[in-house]
Amino acid sequence: MSGGGRISRLVRSGSCLLPASRTRHGCSTAEHVHSTAEQAHSTAPAELQLRTEDVFRSRSVRDLLRAVAVYQVCAFDRIVDNSLQLLRLGEQLLGSRLLQRLVSPFYRQFVAGSDRQQLERTVTALRADGIRFMMTSMLEADVGEQAASEEQLTANMEEALRQMMLVRDITSEEDQPAIQTKFTAHMDVELLVLASRVFSASSEPTALVERLAKAMVTSGQVIVPGMTRQQQKQWDGAALRLKTLGDACAQHNMSLFVDGEFTYTNPAISWITLALMTALNQHRAVVRGTYQCYLKATPSNLEQEYSITRQLGACFGAKLVRGAYMARERQLAQKEQRPSPVCESYEETTANYTRAVEFALRRVAEDEGRTQIMVATHNYDSIVHALRLSAMLQLTPASSGLSFGQIYGMADYLTIPLARSGHRAYKAVPFGEFSTVMPYLSRRAAESRLIQQGVRLERQLLLKELAGRISRRGRAREVVV
Ligand SMILES: Cc1cc2nc3c(=O)[nH]c(=O)nc-3n(C[C@H](O)[C@H](O)[C@H](O)COP(=O)(O)OP(=O)(O)OC[C@H]3O[C@@H](n4cnc5c(N)ncnc54)[C@H](O)[C@@H]3O)c2cc1C
C-alpha cells in the first residue's frame, strides 16, 4: 500500500494502529522489528491504538486554519530553502515589528511566546491534554560565528537558570518538566571542537569520563592536551557552569536533555554529558544525552556510552532522534573530501533508529528505573514500533523508562493520543523573543518539509476537523431555520 493510500485510510478510520507498513520510501520499518515483537503485533492491546479522531477538538477554528496555512507554506521549497535569509532581509527592509506581524502565524505555531503569561497558557493547554512540558532553549552557537566572551557564556547560563526557575514556578512536580539545552550556548565552540578531537583519540573512554566527572564534583581540573592555559581555564569554567545547571535540575526534580549538534562538536558534548551523568545520575537519569540516528556510528556509540555509565554506576538517560543537520553535515564532508558521517539513505537512518530504540528499550526493561529513554520522533511507524516493543517487554504506559517527544506545533495527532492513552508524552516547547528564534523557525520550516509523511497526515486531519465543524455548523443553522 502506498503512503498516500495508507494515510487516507488512517484519516477515514481515525485510528492509527498499523500493520507492518511501507514507509514513504517503500521500506518497511516494521521489517526491522525483532521477530518476537512482530508476534506482539497480533496481540497488541487496545491501549496501543493511537486514536487520531477528535485530537483537535479543543482547537479554535482560527488555530486550525493557521496550522493548515503554515504547513501549506512550508511545502514550498524555495521559501523553505531560503527562509533564514528571507527573514533577515525582511527584518532589514520592514523592521523587526512589521516582520514579526507578517510571520506571526509561524511564530505562534512553533513558539510558546516570550513572557511568563504566554508560557503559563501553553503549559495549561498542554496539561489539559495530559502532555508534559520540555522547555527548549534558543541559545546556541556555531563554528565561524564570533566567539562568545566568558561574560556572554555566563549570561547564557544565568538565562538558562532563569528559564529553569520559570518552568519550576509554572509546573508542578507531577508534571515532571524537562529542559533541553545546547552546550554550544555554554562553552566556546572552538573549545568543543578541540576537545572533540582529543577525546575521540582516547583509548580509555571510561577512565576519561570518570576523571571528568570527578573534576566536576571536586572543582578539580582535567588537563586537555593541546589546550592553551587560557583555553584550559575556559574549559574548567564551562564544566562548572554545566554542573551548576545539572545540579539545579536535580534539585528541582527536572530532567536535563543535552542536544546533539554537529559531528565536529558532538564527541566532546557526549563525554561531558557522560561525566554529568556520572556525577548526577546516581538515583535517576537527571541528565540525558541525545543520539542522532542519521549518523552511521550512532548505534555503536549508544551501546558504548550505555556501557560506560553502567560501569561507573550511573543511571543512563537518552533522547533518540533521527537528526536535524543532515544537509550541512553532508556539505561539510564533501568540502573536506571525507566520507559523509550521515547514512546514505532515509532507509538506513530508519534502520539505525529502529536498532537504537530496540537496544535502549531492552535496557529499560532490564534495569527499569535506571535507564530512561525518550523516543523523540514525528514518525508514526517508529512510535508504533516502540509501543509494540514496550508492550512485548511488559513495560506499562506509565513506566518512567519510556517517554515520547515531539516538537511544539508539530505532530499533535501523535502527541495527543499518546498522552491520552497514559504514555509520557512531551512537547519540546521553544520560548523567546522573535529575534532570538529566527534560526529555530527556519529549521522548523525545513523540518516540516522533511517529514512529509507526517505533515501530510496532520494536514488531512486538520482539514477533516475543519470540514466537520463547517458541516455541523451548517446542520445547526438548518435546525434553527
Ligand atoms: C523532542 C525532540 C528533540 C529533538 N532534539 C534534537 C537534537 O537534540 N538534535 C538533533 O539533531 N535533532 C533533534 N530533533 C530533530 C530530529 O533529529 C529530526 O530532525 C526530526 O524529528 C525529524 O525526524 P523524524 O523522526 O521526526 O521524522 P522522519 O520524517 O521519519 O525523518 C526525517 C529525518 O530522517 C532523516 N533523513 C531524511 N532523509 C534522509 C536521507 N536521504 N538520508 C539519511 N537520512 C535522512 C533526517 O534526519 C530527517 O530529519 C529533535 C526532535 C524532537 C521531536
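Here the sequence shown stands for residues 5 to 485, numbered as in my numbering.
Idealized CB from N, CA, C, for every residue including glycine.
Residues sharing a beta bridge with residue i, DSSP
{"i": "S407", "result": "M378 and R428"}
{"i": "F261", "result": "Q184 and R292"}
{"i": "T140", "result": "Q184 and P434"}
{"i": "L324", "result": "Y295 and V379"}
{"i": "V346", "result": "L299"}
beta-carbon residue i near ligand 1 non-hydrogen atom, thresh 6 Å
{"i": "A301", "result": "no"}
{"i": "H382", "result": "yes"}
{"i": "C347", "result": "yes"}
{"i": "V325", "result": "yes"}
{"i": "M139", "result": "no"}
{"i": "D263", "result": "yes"}
{"i": "A328", "result": "yes"}
{"i": "G409", "result": "yes"}
{"i": "Q296", "result": "yes"}
{"i": "A432", "result": "yes"}
{"i": "Y350", "result": "yes"}
{"i": "T353", "result": "yes"}
Pair within 7 Å by beta-carbon distance, residue i and residue j
{"i": "F438", "j": "Y111", "result": "yes"}
{"i": "T282", "j": "V213", "result": "yes"}
{"i": "Y298", "j": "G264", "result": "no"}
{"i": "N356", "j": "P443", "result": "no"}
{"i": "T126", "j": "A116", "result": "yes"}
{"i": "G250", "j": "L195", "result": "no"}
{"i": "A242", "j": "M191", "result": "yes"}
{"i": "Y346", "j": "E333", "result": "The question names Tyr, but residue 346 in the sequence shown is Val. The answer is yes: Cβ separation under 7 Å."}
{"i": "V74", "j": "Q122", "result": "no"}
{"i": "A390", "j": "V379", "result": "yes"}
{"i": "M169", "j": "R245", "result": "no"}
{"i": "L505", "j": "L68", "result": "Outside the displayed range of the chain (5 to 485) lies residue 505, so it cannot be described from this structure."}
{"i": "I377", "j": "A364", "result": "yes"}
{"i": "G458", "j": "A432", "result": "no"}
{"i": "S200", "j": "T269", "result": "yes"}
{"i": "R367", "j": "C319", "result": "no"}
{"i": "N305", "j": "E177", "result": "no"}
{"i": "T277", "j": "V290", "result": "no"}
{"i": "I411", "j": "V59", "result": "no"}
{"i": "L165", "j": "A252", "result": "yes"}
{"i": "C78", "j": "A449", "result": "yes"}
{"i": "L423", "j": "D179", "result": "It should be noted that the sequence gives Ala, not Leu, for residue 423. No; because the gap between Cβ atoms is not below 7 Å, this pair is not in contact."}
{"i": "A217", "j": "A279", "result": "yes"}
{"i": "M330", "j": "H382", "result": "no"}
{"i": "K247", "j": "M220", "result": "yes"}
{"i": "M142", "j": "T440", "result": "yes"}
{"i": "T406", "j": "L399", "result": "First, the amino acid is wrong: residue 406 is Leu here, not Thr. Contact: yes."}
{"i": "R63", "j": "P109", "result": "no"}
{"i": "P229", "j": "V197", "result": "no"}
| task | Check whether the region 261 to 281 touches the region 290 to 302, counting contact only when three or more Cβ pairs, one atom from each stretch, lie closer than 8 Å. | result | Touching, yes, given that three or more Cβ pairs across the two stretches are closer than 8 Å.
| query | Three or more beta-carbon pairs under 8 Å between the region 80 to 95 and the region 422 to 431, yes or no? | reply | The answer is no - the region 422 to 431 does not touch the region 80 to 95, with fewer than three Cβ pairs under 8 Å.
| Taking contact to mean at least 3 C-beta pairs separated by less than 8 Å, is the region 129 to 140 in contact with the region 179 to 197? | Two segments are said to touch when three or more pairs of C-beta atoms, one from each, lie closer than 8 Å; by this definition the region 129 to 140 touches the region 179 to 197.
| query | Any contact of the region 98 to 112 with the region 223 to 235, i.e. 3+ C-beta pairs under 8 Å? | reply | Because the criterion of three Cβ pairs below 8 Å is not met, the region 98 to 112 and the region 223 to 235 do not touch.
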